[in-house]
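Peer 1: Numbering (our numbering), first residue to last: 3 to 428.
Don't be surprised by glycine CBs; every beta carbon is placed ideally from N, CA and C.
Since the model is a prediction, treat every value here as computed from it, not as a measurement.
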Amino acid sequence: MVAGRAAVDVRRLGRRDRAWRAVPVEKVVEAITPPGADRIRARLTDWIAAHPRDPRIRLLDIDTGHTGGVLPAERADFVRALVVASDAPCPAVGSGSADLDGLPFRLTVGRDWAHLRHSHALGDGASTWQFLGMLLTEQDPPAARTPAPLQRALLRTFGRVPRLWRAIALYRELESGRAPAEPRNMLCPYDSGYSFATSTAVSSADFGALVRGFRGERESTASVMAIMTLRALLLCRHHGLAVDDRVAFMVDLRRYLPATPAVEGNFSWSKSVPVRDSDTPAQLGARIARIVATGLPLLVYSRDVLRRSLIRTGRMSPAPAPTGATVRLMISYATRWTTTPPPAGAATPRIAVAIAPPGPGFVGFNVIEAYGRIHASLNWCSASLDPVRAARIAADFVADPGTGPVDAALWDRGRFEPRDPSPAPG
3 MVAGRAAVDV
13 RRLGRRDRAW
23 RAVPVEKVVE
33 AITPPGADRI
43 RARLTDWIAA
53 HPRDPRIRLL
63 DIDTGHTGGV
73 LPAERADFVR
83 ALVVASDAPC
93 PAVGSGSADL
103 DGLPFRLTVG
113 RDWAHLRHSH
123 ALGDGASTWQ
133 FLGMLLTEQD
143 PPAARTPAPL
153 QRALLRTFGR
163 VPRLWRAIAL
173 YRELESGRAP
183 AEPRNMLCPY
193 DSGYSFATST
203 AVSSADFGAL
213 VRGFRGERES
223 TASVMAIMTL
233 RALLLCRHHG
243 LAVDDRVAFM
253 VDLRRYLPAT
263 PAVEGNFSWS
273 KSVPVRDSDT
283 PAQLGARIAR
293 IVATGLPLLV
303 YSRDVLRRSL
313 IRTGRMSPAP
323 APTGATVRLM
333 ISYATRWTTT
343 PPPAGAATPR
353 IAVAIAPPGP
363 GFVGFNVIEA
373 YGRIHASLNW
383 CSASLDPVRA
393 ARIAADFVAD
403 PGTGPVDAAL
413 WDRGRFEPRD
423 PSPAPG
């Protein structure tokens with residue numbers, strides 16, 4: 003039995019996915035031309051027959067962390083429950099029930115939209131967007147798979163002992179600045195009772211080229227991620243938030259493997275980086291690059307996966323809020339969705355992602371690059387933010403570079419002064 007249903011080949015989720023199982027994720031894509039529900043169901047039926055142990059198409063019990071295959075006699079009903087057709091308008095992100103009742107996901111397809119709910123146990127952004135693209139475009143997924151990706155990445159990255167010691171030394175350096183009460187783990191169980199909301203915005207076309215041009219005008223070597231991270235931090239302060247001096251960013255650990263084979267499931271981890279008041283984008287970018295180059299995110303991730311495999315529940319422990327009245331930003335910027343369905347006519351597709359921030363004292367920026375634009379989803383808790391300011395921050399974050407209210411301060415950090423907090427909506 004799995005989630006109260008009869009199942010075959012019952013097994014536990016893999017270690018990399020087990021801790022994420024209670025984290026609900028919601029994705030909404032508007033202004034697209036999706037295939038019909040029956041075509042998607044037929045594709046899933048073939049996929050189940052060819053890949054019966056793929057956890058994405060098996061029953062899932064988020065309480066126990068077990069998956070199981072559907073009985074052959076119930077497969078047709080299972081596939082119909084996975085993919086639902088709708089004639090209604092596109093739902094807003096965050097609407098409807100998050101309970102999947104043992105399903106690994108539920109994909110609702112409308113005339114010009116798609117709405118996906120799934121457990122984070124199915125994978126991180128890179129793998130789940132690829133899976134959604136496979137369903138909505140009928141493109142074949144990569145044929146090659148990387149067996150034992152964590153072990154292979156560790157061996158490839160730390161095969162030489164000096165590099166391991168450099169990573170350990172950097173870890174100690176970064177940890178030395180933490181306050182005693184500060185959480186070491188940037189993740190939370192996502193079942194701690196707090197609620198959150200999502201505000202979204204989409205950029206103009208060719209946003210990446212605009213950022214690179216903005217950077218080139220200043221002859222800077224800063225990465226796009228560093229520029230946008232500082233932009234997010236300054237915008238939050240500009241709109242009245244007290245933001246602490248560390249930013250958590252997500253690292254896709256596939257960078258530590260050869261480029262060709264695919265890694266399904268969860269293979270990303272967060273790492274907090276100190277941000278000084280005097281930091282320019284180039285200085286912050288160099289700090290992030292140093293952390294990534296040593297393999298430190300991979301080292302910390304492997305330690306935490308091992309720790310959780312030894313814990314009976316395998317779940318994440320609560321992440322306390324940052325100290326004081328500050329909030330901490332969490333940036334996920336590196337996801338590119340390349341297997342996109344075609345747009346619906348001349349309309350601009352829009353993407354929204356709802357995923358709980360790591361705690362009530364955090365604000366999450368989830369950024370997807372697709373259709374030549376960036377689609378920003380700001381996930382926030384009412385204890386930290388209100389709908390009016392959240393909408394302003396999201397809109398300013400995707401504004402054309404050079405036109406935003408804090409862009410002049412990105413390369414002149416010493417002169418930046420946050421304005422008075424925006425009044426709460428009455």
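Buried or exposed, going by whether 16 or more other CB atoms sit within 10 Å of the CB of VAL10?
Peer 2: Per the 10 Å Cβ criterion, exposed.
Peer 1: Where ALA5 and ILE59 are concerned, what is the direct C-alpha to C-alpha distance, given to the nearest angstrom?
Peer 2: Whole-angstrom Cα-Cα distance: 14 Å.
Peer 1: Could you give the distance in angstroms between the alpha-carbon of GLY297 and the alpha-carbon of PRO151?
Peer 2: Going by the C-alpha atoms only, they are around 14 Å apart.
Peer 1: In terms of residues, what are the limits of the alpha helix (DSSP H) holding ILE293?
Peer 2: Segment 283 to 296, the alpha helix (DSSP H) holding ILE293.
Peer 1: Please identify the residue among ARG43, VAL12, VAL31 whose C-alpha is closest to the C-alpha of LEU137.
Peer 2: Comparing Cα positions, the closest option is ARG43.
Peer 1: Could you give the first and the last residue of the continuous beta strand (DSSP E) run that contains ASP246?
Peer 2: Run containing ASP246: 245 to 254, per the beta strand (DSSP E) assignment.
Peer 1: Just to confirm the assignment, what range does the beta strand (DSSP E) spanning MET3 have?
Peer 2: Here MET3 belongs to no beta strand (DSSP E), and DSSP marks it neither H nor E.
Peer 1: Using the Cα positions of PRO54 and GLY104, report the straight-line distance between them to the nearest angstrom.
Peer 2: Cα to Cα, the separation comes out at about 16 Å.
Peer 1: Is the number of C-beta pairs between the stretch 34 to 42 and the stretch 287 to 306 that are closer than 8 Å three or more?
Peer 2: No: the two stretches stay apart, fewer than three of their Cβ pairs being nearer than 8 Å.
Peer 1: My understanding is that LEU156 touches SER304, with C-beta atoms under 8 Å, so please give their C-beta distance in whole angstroms.
Peer 2: Their Cβ separation, rounded to whole angstroms, is 6 Å, which keeps LEU156 and SER304 in contact under 8 Å.
Peer 1: So what does DSSP say about THR240, is it helix, strand or coil?
Peer 2: Residue identity differs from the one stated: residue 240 is His in this sequence, not Thr. Three-state DSSP puts HIS240 in a helix.
Peer 1: How big is the Cα-Cα spacing for TYR335 and ILE353?
Peer 2: Between TYR335 and ILE353, the C-alpha separation is close to 14 Å.
Peer 1: Quick one, which of PRO283, ARG391, ALA346 has its alpha-carbon nearest ASP414's?
Peer 2: With distances taken between Cα atoms, ASP414 lies closest to PRO283.
Peer 1: In terms of residues, what are the limits of the alpha helix (DSSP H) holding VAL400?
Peer 2: Unbroken run through VAL400: none, as it is neither H nor E.
Peer 1: Give a yes or no on whether the C-beta atoms belonging to SER121 and PHE133 are separated by under 9 Å.
Peer 2: Against a cut-off of 9 Å, the Cβ pair of PHE133 and SER121 comes out as no contact.
Peer 1: Of all the alpha helix (DSSP H) runs that stay within the bounds of the stretch 192 to 240, which reach a length of 4 or more residues?
Peer 2: Qualifying alpha helix (DSSP H) stretches, in chain order: 209 to 219, 226 to 240.
Peer 1: Three or more C-beta pairs under 8 Å: does that hold for the stretch 70 to 90 against the stretch 25 to 37?
Peer 2: As far as the Cβ criterion goes, the stretch 70 to 90 does not touch the stretch 25 to 37, which means the pair count is below three.
Peer 1: For GLY125, count neighbouring Cβ atoms within 10 angstroms of its own Cβ and tell me buried if that reaches 16, exposed if not.
Peer 2: Buried, since its Cβ has 16 or more Cβ neighbours within 10 Å.
Peer 1: Can you pull the DSSP bridge partners for GLU28?
Peer 2: According to DSSP, GLU28 bridges with ARG119, ALA356.
Peer 1: Going along the chain, which residues of its own chain have a beta-carbon closer than 7 Å to the beta-carbon of ASP208, five neighbours each way excluded?
Peer 2: For ASP208, where only same-chain residues beyond five positions count, the Cβ hits under 7 Å are GLY374.
Peer 1: Once you ignore the five residues that flank PRO425 on each side, which residues in its own chain have a CB closer than 7 Å to its CB?
Peer 2: Summary for PRO425: the model assigns pLDDT 46, below 50, so the residue's position carries little reliability; its value from the coordinates is reported in the next sentence. Answer for PRO425: no residue qualifies.
Peer 1: Would you list the residues sitting across from ARG14 in a DSSP beta bridge?
Peer 2: HIS68, per the DSSP bridge assignment.
Peer 1: Please name the residue, chosen from ALA33, ARG233, ASP247, that lies closest to PRO407 on a Cα-to-Cα basis.
Peer 2: Nearest option by C-alpha distance: ARG233.
Peer 1: Measuring CA to CA, which of VAL213, LEU255, GLU76 is closest to THR47?
Peer 2: Out of VAL213, LEU255, GLU76, GLU76 has the C-alpha closest to the C-alpha of THR47.
Peer 1: Is it true that the CB of SER225 sits closer than 9 Å to the CB of VAL253?
Peer 2: Taking 9 Å as the Cβ cut-off, VAL253 and SER225 do not qualify as a contacting pair.
Peer 1: Given a cut-off of 9 Å, decide if PHE216 and PRO403 are closer than it, judged by their beta-carbon atoms.
Peer 2: Yes; because the gap between Cβ atoms is below 9 Å, this pair is in contact.
Peer 1: Taking a contact to mean a Cβ-Cβ separation below 9 Å, would you say ASN268 touches TRP22 in this structure?
Peer 2: In this structure, TRP22 lies closer than 9 Å to ASN268 by Cβ.
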